[in-house]
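In the numbering used here, the protein residues as written are 457 to 590. Quick reminder that beta carbons are idealized off the backbone N, C-alpha and C, glycines included. Quick caveat: nothing in here was measured; it's all calculated off a predicted structure.
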């Protein structure tokens, strides 16, 4: 009985710790310089060669971008891009290419660059919230 109580307490403490860590890790926003200029340049090249046949860059800027994604985690954009694009072969780009293209979108919206690249995975994207440029 004591072991069950201790196990339940340990699991509860672990769960609280995980929630706390998750809450702390989502404090970064797109205003924090979450990509590099070099990454955005690679993203532009990838977008021009793999996306521009169907999409205009303006579709990912300004009001239309913020109406869809403001105050949401970058993971929402990541999931759409990596899960549904390109339309003729969804998910066929390298994970790095998807991250680079998202960095390009951030640059199109005038977000400042930083010292580290936007990491090419869903958990990294979940830790960054889209926030209108300050």
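Partner residues in the beta bridge of residue 529, as assigned by DSSP, are 585. Contact check for residue 559 against residue 518 fails: the beta carbons are separated by 8 Å or more. In this structure, residue 582 sits away from residue 550, with a CB-CB distance that is not shorter than 8 Å.
Just so you know, the alpha carbons of residue 568 and residue 493 end up roughly 9 Å apart. Contact between residue 525 and residue 586 holds, since their C-beta atoms are separated by about 4 Å, short of 8 Å. For the 8 Å CB-CB criterion, residue 510 and residue 543 form a contact.
With contacts defined by Cβ atoms closer than 8 Å, residue 539 and residue 546 form a contacting pair. When the alpha-carbon of residue 553 is set against those of 489, 513, 505, the nearest one is in 505. Taking C-beta atoms as the reference points, residue 584 and residue 484 count as a pair closer than 8 Å. Classified as buried, residue 573 has 16 or more neighbouring CB atoms from the shown chains inside 10 Å of its CB. Counting every other CB atom within 10 Å of its CB across the protein chains shown gives residue 514 a total below 16, marking it as exposed. One Cα belongs to residue 488, the other to residue 512, and the distance between them is close to 26 Å.
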